[in-house]
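Q: Counting in the working numbering, the sequence shown runs from 49 upward without gaps.
Below you will find the structure I want to go over with you.
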Amino acid sequence: MSRSVIDILDLSTQEIESLIQTAEDIISHGDRYAHACAGKKLATLFFEPSTRTRLSFEAAMYELGGNVLSVTDAATSSASKGESVSDTARTVSCYADIIAMRHPKEGAALVAANNASIPVINAGDGGHCHPTQTLADLLTIRREKGSFSNLTIGLCGDLKFGRTVHSLINAMARYPGNRFVLISPEELKLPSYVKKDVLRENGIPYTQTTSLEKAIPELDVLYMTRVQRERFFNEEDYLRLKDSYILNMAKLKSAKPDLCVMHPLPRVNEISTDVDGDSRACYFKQVLNGKYMRMALIMKLLGMEENLA
Ligand code: NCD
C-alpha cells in the first residue's frame, strides 16, 4: 500500500521538519521545482465545498510541473449514483498518481487510502481532521514565531466541529512547553476525546474560557475559526452562536505586539476587516504557506525529491 497522510500524526516531527525545509527551499528557489512532478497526475476529489484547499493542491501540482484531474462537486460525480468511497478510490487509482480528497464523513479519507493503490491525502474529513491545513499553519507559526515550543496558543470559536483545530492541537502537542487556551461557547467546546487523548494524556496544560477579551493578553498565537454551519443540526443554534467571537482592533489593543493572528479561512465575521492591515494578521500568509507545504508533501509522497533540477 502507498504512503498516505490521513492524520497529521501520520507524519513524524522529523518529517514535518524536512517538509518545512523543502517549503523554505521552494520559497527561495521555486524554479528548481518547476519539473519535479512532470508526467504525474493529482486527482482532487472534493465532495464538500472548498476554494482554498482544492485550488491550493491544484496550484501546487501545476507549479511542480504535474497535471490535475478534478471532481469538484459530489452532485456531478458517481457518488450521487451511490458509489462507495472505496470503489471511487480504486477507480481513480487507475487514472492518477496521487489523490487529495475532501469528504463530509469522518473516516472517508482513511477508507479511500485503504482501497487506493496510490497515496491519498486527507483534505478534510467531516469534523475530524485536516492535516494539510495544519502543515500550512505550522509553516506560518515557524516563520512568524521562529519555533514550535514554549508558546501559549489560543484557539477561538468552533472547537467542537473545527477539524483544523483538532489537527493543530495534535501537531503542537508534540513540542515541549506549549499551553493551550480554549476559547469557545459552552456548546462548541473541544471534544472530550481530544482533551483526554491528546492534552491530558500527555500532561499538556490547558484552560477553557468563554472570554476572548480575558484570554488575549497572554497569547503568542490566536487561531480564530468559523462556526461550522454545515455540521449543525439546526439553523437556530447556528444563528445564535455564529457571531460569538469577533476579533477587532479594539480587542487587539491588549494583545502582545508580536501576537500571530491566524484563521484557516473562509472567515465570515470572526475577524473584522480592520485587522487585516495590522502586522499581526497572518491569515493570508497561511494561504500562501499552504501551497508550499502541499508542494513539499506531494513531492514526498510521490518520491520525486530526487527529480529536482
Ligand atoms: C477549513 C476547513 O475546510 O475545515 N477551511 C480550509 O480548508 N482552509 C476551515 C473552515 O471551513 O472553516
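Every residue gets a Cβ at the ideal spot worked out from N, C-alpha and C, and that includes glycine.
The model shown is predicted, which means the values in this text are computed figures rather than measured ones.
1) Measuring straight from C-alpha to C-alpha, what distance separates arginine 51 and alanine 122?
2) Which one or two residues does DSSP pair with isoleucine 319 in a beta bridge?
3) So what's serine 60 in DSSP terms, helix, strand or just coil?
4) Sort out for me which residues DSSP pairs alanine 156 with in a bridge.
5) Is aspartate 268 near leucine 199, with beta carbons less than 8 Å apart?
6) Excluding the five sequence neighbours on either side, which residues of its own chain have a C-beta within less than 7 Å of the C-beta of serine 128, listed in chain order?
7) Can alanine 157 and isoleucine 54 be called in contact, C-beta distance under 8 Å?
8) Does the distance from the C-beta atom of proline 312 to that of threonine 212 stay below 8 Å?
9) What residues are listed by DSSP as bridge partners for leucine 270?
10) Output the boundary residues of the alpha helix (DSSP H) element that contains threonine 212.
11) Just list the beta strand (DSSP E) runs in the segment 50 to 104, keeping only unbroken ones of 3 residues or longer that don't cross its boundaries, in chain order.
12) For my contact list, glycine 338 and threonine 99 are in at a C-beta cut-off of 8 Å; report their separation, rounded to the angstrom.
13) How long is the line joining the alpha carbons of lysine 193 and glycine 155, rounded to whole angstroms?
14) With burial defined as no fewer than 16 other Cβ atoms inside 10 Å of the residue's Cβ, what is the status of cysteine 177: buried or exposed?
15) Pull up the DSSP beta-bridge partners for tyrosine 286, would you.
16) For a test of your reading of the model: does the CB of histidine 178 fall under 7 Å from any non-hydrogen atom of ligand 1? Yes or no.
17) Quick one: complete beta strand (DSSP E) runs, 3+ long, within the segment 103 to 159?
18) Taking the straight line between their C-alpha atoms, what separation do you get for isoleucine 264 and serine 292?
19) Applying the criterion that 16 or more other CB atoms from any shown protein chain within 10 Å of the CB defines a buried residue, is cysteine 142 buried or exposed?
20) Could you confirm whether any beta carbon from chain B is found closer than 8 Å to the beta carbon of tyrosine 81?
21) Would glycine 202 and valine 229 qualify as a contact pair, given that the criterion is a beta-carbon distance under 8 Å?
22) Just to check my reading of the structure: arginine 419 and alanine 108 have Cβ atoms closer than 8 Å, yes? What is that Cβ distance to the nearest angstrom?
23) Between the segment 206 to 225 and the segment 270 to 289, are three or more C-beta pairs nearer than 8 Å?
24) How long is the line joining the alpha carbons of threonine 321 and threonine 139, rounded to whole angstroms?
25) When you compare the CB positions of tyrosine 223 and serine 197, do they come within less than 8 Å of one another, or not?
A: Checking against the coordinates, here is how it stands:
1) Taking the first residue of the sequence shown as 1, we reach residue 51 at position 3. Taking the first residue of the sequence shown as 1, we reach residue 122 at position 74. Whole-angstrom Cα-Cα distance: 25 Å.
2) By 1-based counting over the sequence shown, the position of residue 319 is 271. Leu295.
3) If you number the sequence shown from 1, residue 60 lands on position 12. The answer is coil: DSSP assigns serine 60 none of H, G, I, E or B.
4) As a first step, residue 156 must be located in the sequence shown, where it is residue number 108. According to DSSP, which records beta bridges pairwise, alanine 156 is partnered with nothing at all.
5) As a first step, residue 268 is located in the sequence shown; it is residue number 220 there, counting from the start. As a first step, residue 199 is located in the sequence shown; it is residue number 151 there, counting from the start. Yes, the pair counts as a contact, with Cβ atoms nearer than the cut-off.
6) The sequence position of residue 128 within the sequence shown is 80, counting from 1. Correct list, in chain order: Ala122.
7) Translated into positions along the sequence shown, residue 157 becomes position 109. Translated into positions along the sequence shown, residue 54 becomes position 6. Alanine 157 is a Cβ neighbour of isoleucine 54, given a cutoff of 8 Å.
8) As a working mapping, residue 312 is identified with position 264 in the sequence shown. As a working mapping, residue 212 is identified with position 164 in the sequence shown. The answer is yes: Cβ separation under 8 Å.
9) Within the sequence shown, the letter at position 222 stands for residue 270. Gly202, Val309, per the DSSP bridge assignment.
10) Within the sequence shown, residue 212 is the residue found at index 164, counting from 1. Per DSSP, threonine 212 belongs to the alpha helix (DSSP H) from 211 to 220.
11) 89 to 94
12) As a position in the sequence shown, residue 338 is number 290, starting the count at 1. As a position in the sequence shown, residue 99 is number 51, starting the count at 1. So it is not a contact: roughly 12 Å between Cβ atoms.
13) Your numbering for residue 193 matches position 145 in the sequence shown. Your numbering for residue 155 matches position 107 in the sequence shown. Spanning the two alpha carbons is a distance of roughly 33 Å.
14) As a working note, residue 177 is residue 129 in the sequence shown. Buried.
15) If you number the sequence shown from 1, residue 286 lands on position 238. Its beta-bridge partners do not exist; DSSP assigns none.
16) By 1-based counting over the sequence shown, the position of residue 178 is 130. At least one heavy atom of ligand 1 is nearer than 7 Å to the Cβ of histidine 178, so yes.
17) For the segment 103 to 159, whole beta strand (DSSP E) runs of length 3 or above, ordered along the chain, are 115 to 119, 146 to 151.
18) Residue mapping note: residue 264 aligns to position 216 of the sequence shown, counting from 1. Residue mapping note: residue 292 aligns to position 244 of the sequence shown, counting from 1. So the alpha carbons of these two residues sit roughly 15 Å apart.
19) By 1-based counting over the sequence shown, the position of residue 142 is 94. By the 10 Å Cβ count, cysteine 142 comes out exposed.
20) Protein chain content of the structure displayed is limited to a single chain, and chain B is not contained in it.
21) As a working note, residue 202 is residue 154 in the sequence shown. As a working note, residue 229 is residue 181 in the sequence shown. Contact: yes.
22) Since the first residue shown for the chain is 49 and the last is 357, residue 419 is missing from the structure and cannot be characterised.
23) yes
24) As a working mapping, residue 321 is identified with position 273 in the sequence shown. As a working mapping, residue 139 is identified with position 91 in the sequence shown. Rounded to whole angstroms, threonine 321 to threonine 139 spans 44 Å at the Cα level.
25) One-based indexing of the sequence shown puts residue 223 at position 175. One-based indexing of the sequence shown puts residue 197 at position 149. Going by C-beta atoms, tyrosine 223 is nearer than 8 Å to serine 197.
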